[in-house]
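Residue numbers (the numbering used here): 41 to 679. Glycine included, C-beta positions come from ideal geometry on N, C-alpha and C. Below is one structure, written out as structure tokens, with a few remarks after it.
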């Protein structure tokens, strides 16, 4: 195929001709990359799709400016007031009763506390289904399936019929004492106890009004083949680990790599009870998460639970095995080279085919977002630019050999508008890093709240003042990928990137110099906003001084017009270890550190009291008529 014809075909199927570079230049996409990505999109070089269902996009699709932008749901009370909530990683919670990992009962307790403090939501990490057969694959952002839940969050001791033993309590005490979540130990303890309860359930001896067998049957019927295949995958995965073939299906014998093979059918026939057990686990998780959502509402949280959605799924997990025809199999999701990852990134995640993501009344995207919205008053879409485009890296290529590929943005926004209205669930879109310049405005027009992080809100003059933040936004100080504010002030994040070899020494020196300037600028921004800056606030400030700074910073973001502000629990407990260091794998225990404070001790935590007091002062639940009228005018202006 001639170069001009290849370029035309690539454009027709949404492959961008260039990608950005760390020095903000545009780099041309190679012909080899275009061929590989066309193949990944199931398009032959003749221009024909490999599957009849593939619907190619026209060479120039009308922009959203040419269409009415669908608007996602926004609660009426947000036209009258601004709110705040608490964000956390569920697994990091310590309690005197959990099994070494935060669970849905702990979540209910946090919701009760949040309600007493005046919060309106509890924000969580993704609760997607992991690999039960390989608990060490614990990243909530690389799930086995986004349409199902993580059974390790089940509070086993709250199930009817549960009875502990001295031996079990000894095991649980070891799991509780650990500073890191022992996922393998947790899985052994929980699955062992749950199997015992399952046997009692089958005999009809374990049930109450919350765990009614009639409700279970309805759950099974509603879940249909998708739920059954997920449970079947879990059974096969556990069986394959025992045979040394691994939890992910890429390492399985060929006959087992498709759900519709004769070998899989024979396996399912011989393991029908085990498949039913894994469906039961999903039902238990569903019931307990529903109960946590109810507890949040009863505690007075007007938004309730705020759930996070990963941008993709594991390439060898339940989702890609159960629905192979809707996923890209020859390329993975990543990001182009940038100043903090100069070689680019390959996240090794499977993404939906652009042709399949929104296809049909029950499209993969609709099912995926609905699976979270059924429990939530808000969802956060990780990497919201995926609504328009994804950076795809062909298998066997380095990240700098990838390219952006377009997705049906208008249709995806329409699905979000419909599902959010159905579930009365607002939508937040995380759009950080290299993004199309017009995307934030389009997401705001769609009433999708932007995700604003304090340290990112800077320009050539320093930190932006509170009134420069958007109305349609959620503002926070840090996320799971960042140090706490105190850690940021100490440059711990820069030192981490240096120590783990993510950033070379010459760049580290530049980043440290820039951080010195950032510290000066943050103090100036706080003073300009009329917020007190602690005395003796040097780079080596004391722990108490940094706590005072943290309170001041939260007061700063509370004064923004953003509809939502999130208070990170790790800031309230003054954590020293980060949740996750992006770019690391085996060199740091990502997604395992627990909080240093037990759940039962949070209510008496002095830093929590000071920060939540600042939130209530800056964002009172009842505002004056004048303030409500002003907010209404601002929101009307924004559409």
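Residue i (DSSP reduced to helix, strand or coil)
| i | result |
| --- | --- |
| residue 275 | helix |
| residue 434 | strand |
| residue 243 | coil |
| residue 83 | strand |
| residue 149 | helix |
| residue 409 | helix |
| residue 591 | helix |
| residue 387 | strand |
| residue 286 | coil |
| residue 63 | coil |
| residue 196 | helix |
| residue 259 | helix |
| residue 606 | strand |
| residue 223 | helix |
| residue 21 | No statement about residue 21 is possible, as the shown extent of the chain runs from 41 to 679 and does not include it. |
| residue 269 | helix |
| residue 523 | coil |
| residue 502 | strand |
| residue 414 | coil |
| residue 378 | strand |
| residue 75 | helix |
Cut-off 8 Å between Cβ atoms - residues of its own chain near residue i, not counting five sequence neighbours on either side
| i | result |
| --- | --- |
| residue 47 | 57, 74 |
| residue 69 | 50, 55, 56, 57, 58, 59, 443 |
| residue 66 | 58, 59, 60 |
| residue 596 | 494, 506, 565, 566, 569, 571 |
| residue 640 | 135, 136 |
| residue 238 | 317, 320 |
| residue 235 | 317 |
Sub-8 Å separation of residue i and residue j beta-carbons
| i | j | result |
| --- | --- | --- |
| residue 370 | residue 80 | yes |
| residue 602 | residue 574 | no |
| residue 114 | residue 164 | no |
| residue 326 | residue 275 | no |
| residue 329 | residue 435 | no |
| residue 617 | residue 633 | yes |
| residue 266 | residue 187 | yes |
| residue 421 | residue 540 | no |
| residue 656 | residue 340 | no |
| residue 255 | residue 193 | no |
| residue 682 | residue 590 | A query on residue 682 cannot be resolved here, the shown segment of the chain reaching from 41 to 679 and no further. |
| residue 524 | residue 615 | yes |
| residue 299 | residue 402 | no |
| residue 78 | residue 173 | no |
| residue 272 | residue 308 | yes |
| residue 215 | residue 140 | yes |
| residue 393 | residue 367 | yes |
| residue 250 | residue 661 | no |
| residue 365 | residue 396 | yes |
| residue 348 | residue 480 | no |
| residue 405 | residue 455 | yes |
| residue 457 | residue 112 | yes |
Endpoints, alpha helix (DSSP H) assigned at residue i
| i | result |
| --- | --- |
| residue 515 | Unbroken run through residue 515 is the beta strand (DSSP E), 513 to 516; no alpha helix (DSSP H). |
| residue 459 | 449 to 463 |
| residue 44 | 43 to 52 |
| residue 206 | 206 to 217 |
| residue 35 | Within the shown structure, residues of the chain are numbered from 41 to 679, placing residue 35 beyond reach of any answer. |
Own chain, CB closer than 6 Å to residue i, minus 5 neighbours either side, in chain order
| i | result |
| --- | --- |
| residue 453 | 110, 486 |
| residue 431 | 374, 375, 376, 442, 444 |
| residue 446 | 54, 429 |
| residue 43 | none |
Nonlocal neighbours in the same chain, by C-beta distance under 7 Å from residue i, ignoring five residues either side
| i | result |
| --- | --- |
| residue 600 | 506, 509, 515 |
| residue 382 | 62 |
| residue 423 | 351, 470 |
| residue 451 | 398 |
| residue 588 | 574 |
| residue 269 | 299, 362 |
Span of the beta strand (DSSP E) around residue i
| i | result |
| --- | --- |
| residue 648 | Run containing residue 648: none in the beta strand (DSSP E); it sits in the alpha helix (DSSP H), 646 to 658. |
| residue 444 | 443 to 446 |
| residue 60 | 58 to 60 |
| residue 469 | 466 to 469 |
| residue 491 | 489 to 493 |
| residue 418 | 418 to 421 |
Any non-hydrogen atom of the ligand NAD closer than 7 Å to residue i Cβ
| i | result |
| --- | --- |
| residue 576 | This structure simply doesn't include the ligand NAD, nor any ligand for that matter. |
Which residue spans inside the segment 292 to 373 form an unbroken beta strand (DSSP E) run of at least 3?
-> 344 to 349
Quick one: complete alpha helix (DSSP H) runs, 4+ long, within the segment 114 to 188?
-> 144 to 157
Along the chain, which unbroken stretches of the alpha helix (DSSP H) at least 4 residues long are found entirely within the segment 527 to 601?
-> 532 to 539, 545 to 568, 583 to 598
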